[in-house]
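Numbering (our numbering), first residue to last: 1085 to 1302.
Encoded structure:
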């Protein structure tokens, strides 16, 4: 029994030693990009703290919007390196969290976390337009105001469910590039429905953003 225990222990220690020893400066990095940024570059720094070389076998990410790489595959004992993650902001807004998994030697994957707090370039109110039963079907408005440093070059308005032909919309320019007003008017006779308006701002440009607002007839 003891012999079996020691054999298993020896096997475990040998397997563990093949994992390599790596020290990470930070396994979680957080960034707050500017409105004009289109990418975030995150350097996850590490050091081989073992006595044997380590080999990076693979690096994967949780989303196609994030890529990660190293300058080489093997690192000698004591050598330092970086896993460079590149996150493409695209149309995303708010807190985004991505995971990068690094496979070193035969060890289990090492998860690295990239957090990005993406600022909204526009203030858009309200969150929803609601018409109640018995309420007159007058037009209601969505106000769009660009924050400092951001210019609205194009505005495309459409509905998620295009088959629900229950509303008319009109875009009014209050200040070119800065302030817009979307008038939404239920068609007569108004019938109960729920839909979403999609606001494509600067569609096709590097700083394009997408917003959603609900429209409801109860």
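Glycine residues also receive a C-beta, built at the ideal position from the N, C-alpha and C atoms.
A quick note: this is a predicted structure, and the numbers were derived from the prediction, not measured.
task: State the beta-bridge partners of residue 1236 as determined by DSSP.
output: Here the question's residue 1236 lines up with position 152 in the chain shown. According to DSSP, which records beta bridges pairwise, residue 1236 is partnered with nothing at all.
- request: Leaving aside the five residues before and after residue 1257 along the sequence, list all residues of the same chain whose C-beta is less than 7 Å from its C-beta, in chain order.
  value: As a working mapping, residue 1257 is identified with position 173 in the chain shown. Here the set comprises 1264.
message: For the structure I just gave you, are there three or more beta carbon pairs, one from the stretch 1180-1197 and one from the stretch 1136-1151, closer than 8 Å?
response: Touching, per the Cβ criterion.
query: Taking the alpha-carbon positions, what's the residue 1294 to residue 1238 distance?
result: Stepping through the chain shown from its first residue, residue 1294 is reached at position 210. Stepping through the chain shown from its first residue, residue 1238 is reached at position 154. The straight-line gap from Cα to Cα measures roughly 12 Å.
query: Are the Cβ atoms of residue 1300 and residue 1180 separated by less than 8 Å?
result: Along the chain shown, read from residue 1 onward, the residue named residue 1300 stands at position 216. Along the chain shown, read from residue 1 onward, the residue named residue 1180 stands at position 96. In this structure, residue 1180 does not lie closer than 8 Å to residue 1300 by Cβ.
query: What is the rounded straight-line gap between the Cα of residue 1226 and the Cα of residue 1267?
result: Residue numbering aside, residue 1226 sits at position 142 when the chain shown is read from its first letter. Residue numbering aside, residue 1267 sits at position 183 when the chain shown is read from its first letter. Going from the Cα of residue 1226 to the Cα of residue 1267 covers about 7 Å.
query: Are residue 1234 and residue 1280 closer than 8 Å when you measure CB to CB?
result: Residue mapping note: residue 1234 aligns to position 150 of the chain shown, counting from 1. Residue mapping note: residue 1280 aligns to position 196 of the chain shown, counting from 1. Not a contact, by the Cβ cut-off of 8 Å.
query: Across which residues does DSSP place residue 1145 in a beta bridge pair?
result: Locating residue 1145 in the chain shown gives position 61, counting from the first residue. Residue 1145 is bridged to 1184.
query: Roughly how many angstroms lie between the CA atoms of residue 1098 and residue 1200, to the nearest whole one?
result: For this step, residue 1098 is matched to residue 14 along the chain shown. For this step, residue 1200 is matched to residue 116 along the chain shown. Annotation note: pLDDT 45 at residue 1098 (below 50); position unreliable, coordinate value reported separately. Residue 1098 and residue 1200: Cα-Cα distance of roughly 39 Å.
message: Between which residues of its own chain and residue 1109 is the CB-CB distance below 6 Å, once the five residues before and five after are set aside?
response: Residue mapping note: residue 1109 aligns to position 25 of the chain shown, counting from 1. Closer than 6 Å at the Cβ level, and outside the excluded window around residue 1109, lie 1129.
- request: Answer with buried or exposed for residue 1286, where buried requires no fewer than 16 other C-beta atoms within 10 angstroms of its C-beta.
  value: Residue mapping note: residue 1286 aligns to position 202 of the chain shown, counting from 1. Buried.
message: Spatial neighbours of residue 1298 within its chain, please: C-beta separation below 6 Å, excluding the five flanking residues on both sides.
response: By 1-based counting over the chain shown, the position of residue 1298 is 214. So the qualifying residues of the chain are 1212 and 1280.
task: Kindly indicate which three-state DSSP category residue 1122 falls into: helix, strand or coil?
output: In the chain shown, residue 1122 corresponds to position 38, counting from 1. Residue 1122 falls in the coil class under three-state DSSP.
query: Going along the chain, which residues of its own chain have a beta-carbon closer than 7 Å to the beta-carbon of residue 1125, five neighbours each way excluded?
result: Here the question's residue 1125 lines up with position 41 in the chain shown. Cβ within range, chain order: 1168 and 1170.
For residue 1196: DSSP bridge partner residues: As a first step, residue 1196 must be located in the chain shown, where it is residue number 112. The partner list for residue 1196 (beta bridge, DSSP) reads 1184.
- prompt: Where do the N-terminal and C-terminal ends of the beta strand (DSSP E) with residue 1211 fall, by residue?
  reply: As a first step, residue 1211 must be located in the chain shown, where it is residue number 127. Residue 1211 -> no beta strand (DSSP E), and no H or E assigned at all.
field: C-alpha gap between residue 1133 and residue 1198, whole angstroms
entry: Numbered from its first residue, the chain shown carries residue 1133 at position 49. Numbered from its first residue, the chain shown carries residue 1198 at position 114. Distance between the alpha carbons of residue 1133 and residue 1198 is about 24 Å.
message: As a quick exercise: from 1207, 1114, 1217 and 1222, pick the residue whose alpha carbon is nearest that of residue 1231.
response: The sequence position of residue 1231 within the chain shown is 147, counting from 1. Taking only the C-alpha atoms, the option nearest residue 1231 is 1207.
task: Would you mind giving the Cβ-Cβ distance between residue 1127 and residue 1166, rounded to the nearest angstrom? I have them listed as a contact below 8 Å.
output: Working through the chain shown from its first residue, we reach residue 1127 at position 43. Working through the chain shown from its first residue, we reach residue 1166 at position 82. At roughly 5 Å, the Cβ-Cβ gap stays under 8 Å, so residue 1127 and residue 1166 are in contact.
- request: Check the DSSP bridge columns for residue 1225 and list the partner residues they point to.
  value: Counted from its first residue, the chain shown places residue 1225 at position 141. According to DSSP, residue 1225 bridges with 1267.
- request: Go through its chain and collect everything with a Cβ distance to residue 1203's Cβ below 6 Å, but skip five positions before and after it.
  value: Translated into positions along the chain shown, residue 1203 becomes position 119. So the list reads 1119, once near-sequence residues are dropped.
- prompt: Under the three-state reduction of DSSP, which class applies to residue 1169: helix, strand or coil?
  reply: Locating residue 1169 in the chain shown gives position 85, counting from the first residue. Of the three classes helix, strand and coil, the one that applies to residue 1169 here is strand, per DSSP.
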